[in-house]
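Working notes, structure below.
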Amino acid sequence: MSEMPVETIREIRAHLADVVDRAERADQPTVITRRGKEVAAVVPIELLRQYQRWEEREIIRIVEERMADRSPGIPLEDVLRETLERGE
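Position in the sequence shown (first residue = 1) + 5 = the working numbering.
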């Protein structure tokens, strides 16, 4: 994937439809900044759905792994935190 475009909120306001078209057409996110800090992104819906499917599979995998372990239980909050921290 090529370099993601980065635009300020002000720039996005001026041409939001173009940013959405670019996401739809190129499967490429546009990073949005506020005061020089990356705060959000406009992403193609399929990219978001792929991430959600990956996240669900990863949570299920970790839960199944933990359930197979006969040692004392691990709180679900810990499992979710571990999943999110992995960032694979």
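Cβ atoms here follow ideal geometry from the backbone N, Cα and C, with glycine treated the same way.
- In the three-state reduction of the DSSP assignment, I37 falls in the strand class.
- Look at the beta carbons and you see the segment 58-76 not touching the segment 33-44: under three pairs across the two are nearer than 8 Å.
- A straight line joining the alpha-carbon of R75 with that of E69 spans about 12 Å.
- Residue state for E82 is assigned as helix, using DSSP reduced to three classes.
- In this chain, the alpha helix (DSSP H) harbouring E69 covers 50-73.
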